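Residue numbers (our numbering): 570 to 886. Working notes, structure below.
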Amino acid sequence: MLNHIKHDIDHGTPKRESAEEVSLTIDGYKVHVPKGTSIMRAAMDAGIKVPKLCATDTIEPFGSCRLCLVEIDGRKGFPASCTTPVESDMVVRTQTDSLQQLRKGVMELYISDHPLDCLTCSANGNCELQDMAGVTGLRNVRYGVGAQAGAHHCDAKKDESNPYFTYDPSKCIVCNRCVRACEETQGTFALTISGRGFESRVSPGQDQPFMDSECVSCGACVEACPTATLQEKSIISLGQPEHSLITTCAYCGVGCGFKAEMKGNTVVRMVPWKEGKANEGHSCVKGRFAWGYATHQDRIKTPMIRESISDPWQQVS
Ligand code: SF4
Ligand code: SF4
Ligand code: SF4
Ligand code: FES
570 MLNHIKHDID HGTPKRESAE EVSLTIDGYK VHVPKGTSIM RAAMDAGIKV PKLCATDTIE
630 PFGSCRLCLV EIDGRKGFPA SCTTPVESDM VVRTQTDSLQ QLRKGVMELY ISDHPLDCLT
690 CSANGNCELQ DMAGVTGLRN VRYGVGAQAG AHHCDAKKDE SNPYFTYDPS KCIVCNRCVR
750 ACEETQGTFA LTISGRGFES RVSPGQDQPF MDSECVSCGA CVEACPTATL QEKSIISLGQ
810 PEHSLITTCA YCGVGCGFKA EMKGNTVVRM VPWKEGKANE GHSCVKGRFA WGYATHQDRI
870 KTPMIRESIS DPWQQVS
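Here is the structure:
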């Protein structure tokens, strides 16, 4: 059964297990969640999406982008909802005029150092930065964009050394999701943020390309990236998929579940399936990237039989 492309719901922060339940109010709705849950995830449980960029539910929250700020009765300032755990009887507001202004201000800073080429960008239609520009109502950027804004990274050179994905630093918002995915999901620790402040950049090692680094091409960082900075080469050449099918990796006995994302009968991307019991949304390089066999001319599509080891193979029904 084919499904129209639906991106998995991102709850923002990982699920917490606890026998103790906490009740709070978010935007006027009563919510009950396990102790330790973030406000962001509790809001998602109530169907309320808090704007976010540096959080995603497969890795621990980091609290760097400042888009997910909320107001909490009795608390000063605007805490980040991804890193603030729920407390009993909290009263939280996720949408107010002040929050809207703050979020718009943050987006202005991001976009002042981001190429404005969404229409020709490989992430067009599946980009969280683009989504957040929409959600926050960004209409102009007071600082200018790229060269108009002064210092910028819009001309930064791409790293295309990896056969399966590219790294385009001009689109990086330094959200650290890739670094955390490499550490927490894959456990390879190939990435770091080098430099300080404005000079901060994702780096697979001092002045070395991805292919010369510790990277094992598992793709967890690519999946975690909210922009086109880390992008599958298949998406760059074929464009975004239009339907998907749940399947099992054909390589080994682990039996990883995958969402095969396609256009017609052409596979565009293989995404490790979050519900897959054997792999829970992660996989090795083979399952995620080495699926060229699916449409290879040598692929055997019917059962074959031979009388003895010296006889030629024959197709059977
Ligand atoms: S990464 Fe996103 S915001 Fe940036 S150009 Fe591409 S689509 Fe637009
Ligand atoms: S592809 Fe995997 S190993 Fe390589 S940097 Fe990304 S997460 Fe780390
Ligand atoms: S490469 Fe992507 S995930 Fe990593 S810091 Fe940049 S924007 Fe974030
Ligand atoms: S999503 Fe909470 S600070 Fe970025």
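All C-beta atoms in this analysis are idealised placements derived from N, C-alpha and C, irrespective of residue type, glycine included. These figures come from a predicted structure and were not determined experimentally.
### Closer than 8 Å: PHE779 CB and nearest ligand 2 heavy atom
It does: the Cβ of PHE779 is within 8 Å (strictly closer) of some heavy atom of ligand 2.
### Message
With a threshold of 8 Å (Cβ to nearest heavy atom), would THR757 be considered close to ligand 2?
### Response
For THR757, the shortest separation between its Cβ and any heavy atom of ligand 2 lies below 8 Å.
### Query
Between LEU799 and ligand 3, is the CB less than 8 Å from at least one heavy atom?
Checking every heavy atom of ligand 3 against the Cβ of LEU799, one is found closer than 8 Å.
### Message
Given 8 Å as the limit, tell me if ASP788 has its C-beta closer than that to any heavy atom belonging to ligand 2.
### Response
In the sequence as displayed, the identity of residue 788 is Gly instead of Asp. It does: the Cβ of GLY788 is within 8 Å (strictly closer) of some heavy atom of ligand 2.
### Query
Since CYS747 and LEU799 are thought to touch, with beta carbons under 8 Å apart, how far apart are those beta carbons, to the nearest angstrom?
Correct: roughly 6 Å between the Cβ atoms.
### Message
ligand 3 and PRO684: does any heavy atom of the ligand fall closer than 8 Å to the residue's C-beta?
### Response
Checking every heavy atom of ligand 3 against the Cβ of PRO684, none is found closer than 8 Å.
### Query
Is GLU811 closer than 9 Å to ILE574 when the C-beta atoms are compared?
In terms of Cβ geometry, ILE574 and GLU811 form a close pair [threshold 9 Å].
### Task
Determine, using beta carbons only, whether LYS599 and LEU593 come nearer to each other than 9 Å.
Yes, these two residues count as a Cβ contact at 9 Å.
### Message
Which residue wins for smallest C-alpha separation from THR652, given the options ASP626, ASP666, ALA859 and LYS673?
### Response
Comparing Cα-Cα distances from THR652 to each of ASP626, ASP666, ALA859 and LYS673, the minimum goes to ASP626.
### Message
Could you check whether ILE680 and ALA935 sit closer than 9 Å to each other, using their CB atoms as the reference points?
### Response
The chain is shown from 570 up to 886; residue 935 falls before or after that span and cannot be answered.
### Task
Using only the heavy atoms of ligand 2, determine whether one of them is closer than 8 Å to the beta carbon of PRO810.
Because no heavy atom of ligand 2 lies under 8 Å away, the Cβ of PRO810 does not count as near it: no.
### Message
Tell me whether CYS723, by its Cβ, gets closer than 8 Å to a heavy atom of ligand 3.
### Response
No, Cβ of CYS723 sits at least 8 Å from all heavy atoms of ligand 3.
### Message
Beta-carbon within less than 8 Å of GLY646's beta-carbon, same chain only, minus the 5 sequence neighbours each way: which residues are those?
### Response
So no residue of the chain qualifies.
### Query
If you pair each beta-carbon of the stretch 821-833 with each one of the stretch 847-859, do three or more pairs fall below 8 Å?
Touching, yes, given that three or more Cβ pairs across the two stretches are closer than 8 Å.
### Message
Between which two residues does the beta strand (DSSP E) holding ARG662 run?
### Response
Run containing ARG662: 660-662, per the beta strand (DSSP E) assignment.
### Query
Between THR582 and GLU697, is the Cβ-Cβ spacing less than 9 Å?
No. Outside cutoff.
### Message
With DSSP as the reference, identify every bridge partner of TYR598, one or two as the case may be.
### Response
When DSSP reads this structure, TYR598 sits in a beta bridge with ILE595.
### Query
Under the DSSP definition of a beta bridge, which residues are partnered with THR817?
THR817 pairs with GLY826.
### Task
Might you give, ordered along the chain, the residues of its own chain that have their beta carbon closer than 7 Å to the beta carbon of VAL785, omitting 5 neighbours on each side?
Its chain contains THR757 and VAL854 as the residues whose beta carbon lies nearer than 7 Å to that of VAL785, once the 5 sequence neighbours on both sides are disregarded; these appear in chain order.
### Query
Where ASP658 and GLN664 are concerned, what is the direct C-alpha to C-alpha distance, given to the nearest angstrom?
Cα to Cα, ASP658 sits roughly 19 Å from GLN664.
### Message
So GLY850 and PRO841 are supposed to be a Cβ contact under 8 Å. How far apart are they, rounded?
### Response
Contact between GLY850 and PRO841 holds: their C-beta atoms lie close to 5 Å from each other, under 8 Å.
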